[in-house]
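Heads up: the sequence shown begins at 611 in our numbering, then just goes up one per residue.
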Amino acid sequence: MKGYMDNIQIKTGKTAEDFWKLVSKKGFVKRGEVVAEHSEMLAWL
611 MKGYMDNIQI
621 KTGKTAEDFW
631 KLVSKKGFVK
641 RGEVVAEHSE
651 MLAWL
């Protein structure tokens, strides 16, 4: 998993924490739990 996350950071310049903040602002996460459908998140990406 670490290698996967490192690769994402290299390609996007964003850390896992950065993505967590983005999805929280987008409303995909509430109170630390994912509440969105996978299809919603994939469409956003």
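Yeah, the Cβ is synthetic: ideal placement off N, Cα and C, and Gly gets one too.
Alpha carbon of residue i to alpha carbon of residue j, nearest angstrom
i, j, result
"E647", "K635", "16 Å"
"I618", "T625", "8 Å"
"T622", "K612", "15 Å"
"E650", "G642", "18 Å"
"Y614", "I620", "10 Å"
"L652", "F638", "11 Å"
"K631", "V645", "14 Å"
Where the alpha helix (DSSP H) through residue i begins and ends
i, result
"M615", "612 to 622"
"E647", "Careful: E647 lies outside any alpha helix (DSSP H) and carries neither H nor E."
"L632", "626 to 636"
Proximity test, residue i beta-carbon vs the ligand NAD heavy atom, cut-off 7 Å
i, result
"K635", "No copy of the ligand NAD appears in this structure; indeed no ligand is present at all."
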